[in-house]
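Chains as they are written, first to last, in our numbering: chain A, 421 to 885; chain B, 421 to 885.
All C-beta atoms, glycine included, are put in the ideal place defined by N, C-alpha and C.
Worksheet for the structure shown next.
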């Protein structure tokens with residue numbers, strides 16, 4: 421363990437420098453969903469390639485049909501060492517509504533609380549630049565202190581995770597050998613709480629759809645046409661309102677096919693977690709679970725499927741008032757999937773649901789925004805046990821195994837396309853405001869996250885040594 | 421009639437010059453609802469004041485709490501001549517979506533069709549700058565040819581008609597004596613068809629409301645919170661969807677209080693109109709009447725009340741996709757009123773309807789955007805008969821008396837506050853695309869509209885001479 425101790429010491433000594441590096445990375449506005457930021461996405465990939473090359477990886481920016489990938493390799497302790505693939509993403513969410521940010525989203529700052537704890541402010545600080553840099557910093561220190569890494573390491577960073585990863589699967593298929601490893605390490609998840617690390621063993625899947633309803637061929641004056649002309653906002657509102665029944669269940673025919681009740685074993689583990697529904701909702705200003713009746717909040721967010729309207733737009737939405745009947749209205753709708761729910765079937769059921777409810781004079785157009793099934797990872801693999809012990813050594817409380825409400829589609833594709841399992845280990849916290857204004861990452865997450873990865877790499881290296 | 425003939429001849433001779441003046445006026449982007457255009461609204465008022473002063477009116481730009489008014493007086497044939505108040509508005513609607521305009525909205529152009537007919541293109545060409553200039557040009561020619569006007573004339577132009585006229589009533593109350601006349605002339609309505617002038621004798625009222633629903637205190641990630649957190653878009657959609665029943669009737673309790681069936685006399689007149697539902701809807705790409713079942717389209721748009729959502733917004737509406745649960749969602753909703761429906765009661769009923777349907781964790785905020793009752797004008801006044809004969813002399817077909825689906829709140833206020841009736845005479849056509857991209861005004865409307873006002877002024881002046 422002498423090596424590990426010196427690596428951990430090196431990380432502690434160089435924390436300030438690692439923060440400066442992260443701030444440099446956060447200054448690049450790599451918003452993948454908005455084509456206006458394409459050059460910034462590329463600049464971000466170049467930055468990462470340069471940094472990885474500087475610490476001894478053979479790194480490159482690899483073209484895809486969309487934003488480029490970063491792929492980097494390090495031979496580590498040699499051919500017999502276990503081979504891990506680290507996955508992260510360098511792209512970030514849009515920043516609107518900008519007026520709600522207390523600091524400029526791409527001018528990262530360190531803020532100190534009265535109790536001395538610090539946080540890193542800025543878009544991407546938690547999701548996912550801060551998280552991915554915990555791994556890069558662990559590698560940097562390991563190589564600096566020992567001249568190598570305890571595992572063979574491939575680092576694979578994409579730039580389209582926040583926009584449905586359209587180029588990911590073709591790229592994985594085209595670079596199958598290069599990306600295959602013994603296990604994938606994915607750092608895009610949360611701790612259980614600030615003292616308790618977590619390994620996620622289930623993730624919900626996702627189907628993203630955009631629906632556009634059109635009626636008249638132009639915007640109409642509601643005085644001349646109101647009462648006679650079809651209003652696409654009314655039609656859309658009625659259809660969306662019909663997606664849930666009074667008990668909060670989703671009404672799409674066949675929606676719950678493949679959804680099963682929690683196994684007793686999992687239910688027992690979740691019950692043992694120190695979780696307060698009131699605190700979870702209270703942190704965002706809510707008090708009452710709003711979803712499926714008769715389910716706990718952990719069930720609602722980890723093991724039950726959902727339908728959510730993520731955006732809606734139609735007619736005049738500027739200041740003041742305009743008595744218009746819009747020509748079109750649109751919504752972005754996503755479904756979180758669990759168990760064996762089939763993304764293609766859910767998408768088809770939604771489209772049928774909408775189409776069947778269209779009145780005369782209404783036409784519909786759909787746009788697909790990604791789809792992936794849910795993931796369940798084995799509880800008892802030796803890698804998971806090794807990582808669990810490594811994390812428990814670093815943090816005040818032992819690591820727990822949890823479910824996840826979010827979707828990390830790449831995990832399923834690693835399994836399906838590259839035949840490898842994943843360890844989902846992340847150091848985010850529930851109040852990091854990812855996807856929202858004022859995103860932050862705790863300094864403790866960043867510092868102890870680096871130390872955690874050093875420990876996990878050491879533990880995985882030991883398994884096959 | 422020698423005077424009138426020379427005035428008409430003068431108008432014909434000077435048409436090109438009057439078109440240039442209108443184009444100058446149309447170049448000013450006087451969008452009243454957007455504060456960014458406040459200086460342009462003022463510039464527009466100044467332009468009109470200068471033009472009216474140039475033809476012999478004592479004109480001024482009068483301050484109000486919002487955009488300024490234009491008030492101008494001409495003594496006409498002296499104290500014994502009838503006194504008319506001409507009302508129009510110089511402000512225009514916003515131009516979004518800009519990409520649907522075939523010509524720049526504030527760079528007016530004259531376009532000629534293969535058959536030689538011409539139209540004036542640009543925002544405000546029909547609503548209401550082109551219309552109000554028909555009256556100004558008639559006055560210009562009358563004064564040029566005869567040295568005076570056959571009536572005493574006050575011209576009153578506001579700059580907030582498209583944004584709910586917030587300053588109009590205080591201004592009318594403060595300038596009651598100055599604005600009172602024997603009758604008001606309002607030029608903001610349509611012809612029956614391109615050959616048939618119309619005088620509107622009923623107008624629907626209007627209630628405008630904006631509703632904002634808030635749940636969490638920030639935008640949430642739909643993975644972490646989806647299924648447990650209240651989604652304001654769902655809540656808003658369900659409430660809006662509940663505003664109509666399956667027969668297209670509005671469900672607000674008490675909504676139809678004061679709504680009566682059409683008198684047989686009016687029904688007979690409307691039945692006699694040459695009106696094709698298929699053509700009316702077909703011109704905007706629709707085929708089926710979408711409103712209250714069992715009602716004709718004329719009833720739906722002239723004599724029945726409506727609820728329309730004019731705009732809706734919430735969550736992520738940019739390009740791509742964002743799996744967010746929004747903190748808030750909002751809609752702009754308007755009600756068209758008929759008969760004795762009370763705007764205050766309708767507004768209160770709507771607010772109650774929304775508030776009663778809010779689930780836990782949802783809060784609501786309302787913003788008022790104007791309200792006015794419906795108007796019914798007497799069929800048989802001498803002024804109406806005189807105007808009807810004057811219009812019938814100008815156009816290929818005799819003038820008809822019609823209802824109107826739109827709201828011109830000022831007409832009710834003229835009656836209530838200043839004790840005067842109105843004549844609603846306009847030269848717009850149903851395909852003018854007011855409030856929409858590619859607004860136009862027919863050259864025939866502009867030319868024969870000027871001639872019509874000369875005839876109407878002459879006929880009204882004769883009544884008391």
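Bridge partner(s) assigned by DSSP for residue 843(B)
For the purposes of this step, residue 843(B) is taken as the residue at position 423 of the second chain. Residue 843(B) is bridged to 605(B).
Give, in chain order, every residue of the segment 507–519 of chain A whose Cβ lies closer than 9 angstroms to some Cβ of chain B.
513, 514, 516, 517
Where residue 614(A) meets chain B, residues with beta-carbon distance less than 8 angstroms
By one-based count along the first chain, residue 614(A) stands at place 194. Those do not exist, as residue 614(A) stays about 16 angstroms from chain B at its closest Cβ, beyond 8 angstroms.
In chain order, which continuous runs of the alpha helix (DSSP H) of length 4 or greater are located wholly inside the segment 709–774 of chain A?
none
What ranges does the beta strand (DSSP E) occupy inside the segment 500–581 of chain B, keeping only unbroken runs of at least 3 residues that lie completely in it?
503–509, 529–532, 538–541, 572–578
What residue range is occupied by the uninterrupted beta strand (DSSP E) comprising residue 786(A)?
Taking the first residue of the first chain as 1, we reach residue 786(A) at position 366. First-last of the beta strand (DSSP E) with residue 786(A): 783–792.
Alpha carbon to alpha carbon, what distance is there between residue 682(A) and residue 695(A)?
Locating residue 695(A) in the first chain gives position 275, counting from the first residue. Locating residue 682(A) in the first chain gives position 262, counting from the first residue. Each residue's Cα considered, the two are about 17 angstroms apart.
Please report the straight-line C-alpha distance between residue 619(B) and residue 452(A), rounded to a whole angstrom.
Along the second chain, one-based indexing puts residue 619(B) at 199. Along the first chain, one-based indexing puts residue 452(A) at 32. C-alpha separation (whole angstroms): 57 angstroms.
Under 8 angstroms between C-beta atoms, does residue 619(A) make it to chain B?
By one-based count along the first chain, residue 619(A) stands at place 199. Answer no: the Cβ-Cβ gap between residue 619(A) and chain B never drops below 8 angstroms.
Are the segment 798–818 of chain A and the segment 728–740 of chain B touching, with three or more C-beta to C-beta distances below 8 angstroms?
no
Tell me the residue span of the beta strand (DSSP E) that contains residue 620(A).
For the purposes of this step, residue 620(A) is taken as the residue at position 200 of the first chain. Where residue 620(A) is concerned, the enclosing beta strand (DSSP E) stretches over 618–623.
Please go through the same chain and pick out, in chain order, the residues whose beta-carbon is closer than 7 angstroms to the beta-carbon of residue 601(B), but skip the five residues on each side of it.
Working through the second chain from its first residue, we reach residue 601(B) at position 181. Closer than 7 angstroms at the Cβ level, and outside the excluded window around residue 601(B), lie 503, 504, 505, 574, 840.
Is the Cβ-Cβ distance between residue 454(B) and residue 528(B) less than 8 angstroms?
In the second chain, the residue the question calls residue 454(B) occupies position 34. In the second chain, the residue the question calls residue 528(B) occupies position 108. Result no, Cβ atoms of residue 454(B) and residue 528(B) do not sit closer than 8 angstroms.
Neighbour flag for residue 827(A) against chain B, beta carbons, 8 angstroms:
As a first step, residue 827(A) is located in the first chain; it is residue number 407 there, counting from the start. Residue 827(A) counts as touching chain B.
Straight-line CA distance for residue 765(A) to residue 675(A)?
Numbered from 1 along the first chain, position 345 holds the residue referred to as residue 765(A). Numbered from 1 along the first chain, position 255 holds the residue referred to as residue 675(A). Looking at the two C-alpha atoms, the distance is approximately 8 angstroms.
Taking the Cβ atom as the reference point for each residue, do residue 679(B) and residue 725(B) lie within a distance shorter than 8 angstroms?
On the second chain, position 259 is the one that residue 679(B) refers to. On the second chain, position 305 is the one that residue 725(B) refers to. In this structure, residue 725(B) lies closer than 8 angstroms to residue 679(B) by Cβ.
Hey, is residue 756(A)'s beta-carbon within less than 8 angstroms of any beta-carbon in chain B?
Here residue 756(A) corresponds to residue number 336 of the first chain, with the count starting at 1. Yes, its Cβ sits closer than 8 angstroms to a Cβ of chain B.
Cβ neighbours of residue 848(B) in the same chain (closer than 6 angstroms, five flanking residues each side left out)
Residue 848(B) sits at position 428 when you count from the first residue of the second chain. Answer for residue 848(B): 546, 610, listed in chain order.
Would you say residue 583(A) lies against chain E (beta-carbon separation less than 8 angstroms)?
Here the protein chains are A and B, and chain E is not one of them.
Could you give the distance in angstroms between the alpha-carbon of residue 761(B) and the alpha-carbon of residue 435(B)?
Indexing the second chain from 1 puts residue 761(B) at position 341. Indexing the second chain from 1 puts residue 435(B) at position 15. For residue 761(B) and residue 435(B), the distance between alpha carbons rounds to 44 angstroms.
Starting from the C-beta of residue 667(B), find all residues in its chain whose C-beta is less than 7 angstroms away, skip the five residues before and the five after it, and write them out in chain order.
Position 247 of the second chain, counted from the start, is the residue given in the question as residue 667(B). Correct list, in chain order: 712, 713.
Could you tell me which residues DSSP puts in a beta bridge with residue 628(B)?
If you number the second chain from 1, residue 628(B) lands on position 208. DSSP lists 754(B) as partners of residue 628(B).
Just list the beta strand (DSSP E) runs in the segment 834–884 of chain B, keeping only unbroken ones of 3 residues or longer that don't cross its boundaries, in chain order.
841–845, 860–862
Looking only at C-alpha atoms, which of 853(B), 749(B), 595(B) sits nearest to residue 886(A)?
Because chain A here runs from 421 to 885, residue 886(A) falls outside it and cannot be looked at.
Would you call the segment 526–542 of chain B and the segment 583–596 of chain B touching, i.e. three or more CB-CB distances under 8 angstroms?
no
Measure the CB-CB distance between residue 895(A) and residue 423(A) and report whether it falls below 8 angstroms.
This structure gives no information on residue 895(A), because the portion of chain A shown stretches from 421 to 885.
Let me know the secondary structure DSSP gives residue 426(B) once reduced to three states.
Taking the second chain and counting its residues from 1, the one referred to as residue 426(B) is at position 6. Residue 426(B) falls in the helix class under three-state DSSP.
Would you say residue 465(B) and residue 488(B) are within 8 angstroms of each other, going by their C-beta atoms?
Translated into positions along the second chain, residue 465(B) becomes position 45. Translated into positions along the second chain, residue 488(B) becomes position 68. Taking 8 angstroms as the Cβ cut-off, residue 465(B) and residue 488(B) qualify as a contacting pair.
Just how far apart, CA to CA, sit residue 885(B) and residue 828(B)?
In the second chain, residue 885(B) corresponds to position 465, counting from 1. In the second chain, residue 828(B) corresponds to position 408, counting from 1. Any reading at residue 885(B) is ruled out, since the residue's pLDDT is 46, under 50, leaving its predicted position unreliable.
At 3 residues or longer, what runs of the beta strand (DSSP E) sit wholly inside the segment 801–835 of chain A?
820–824
Host beta strand (DSSP E) of residue 480(A) (start-end)
To locate residue 480(A), count along the first chain from 1; it is residue 60. Here the beta strand (DSSP E) through residue 480(A) covers 478–482.
Could you compute how far the alpha carbon of residue 636(A) sits from the alpha carbon of residue 704(B)?
Position 216 of the first chain holds residue 636(A). Position 284 of the second chain holds residue 704(B). Near 5 angstroms, if we compare the C-alpha coordinates of residue 704(B) and residue 636(A).
Taking the beta carbon of residue 533(B) as the centre, do at least 16 other beta carbons fall within 10 Å, making it buried, or is it exposed?
In the second chain, the residue the question calls residue 533(B) occupies position 113. When all chains shown are included, residue 533(B) counts as exposed.
How should residue 787(B) be labelled, buried or exposed, when 16 other C-beta atoms within 10 angstroms of its C-beta is the threshold for buried?
In the second chain, counting from the first residue as 1, residue 787(B) sits at position 367. Its Cβ having fewer than 16 others within 10 Å, residue 787(B) is exposed.
Just the Cα atoms here: how many angstroms apart are residue 559(A) and residue 493(A)?
The residue you call residue 559(A) lines up with position 139 of the first chain. The residue you call residue 493(A) lines up with position 73 of the first chain. Whole-angstrom Cα-Cα distance: 11 angstroms.
If the cut is a Cβ gap below 7 angstroms, which residues of chain B does residue 734(A) touch?
Working through the first chain from its first residue, we reach residue 734(A) at position 314. Near residue 734(A) (Cβ distances below 7 angstroms), the residues of chain B are 731, 732.
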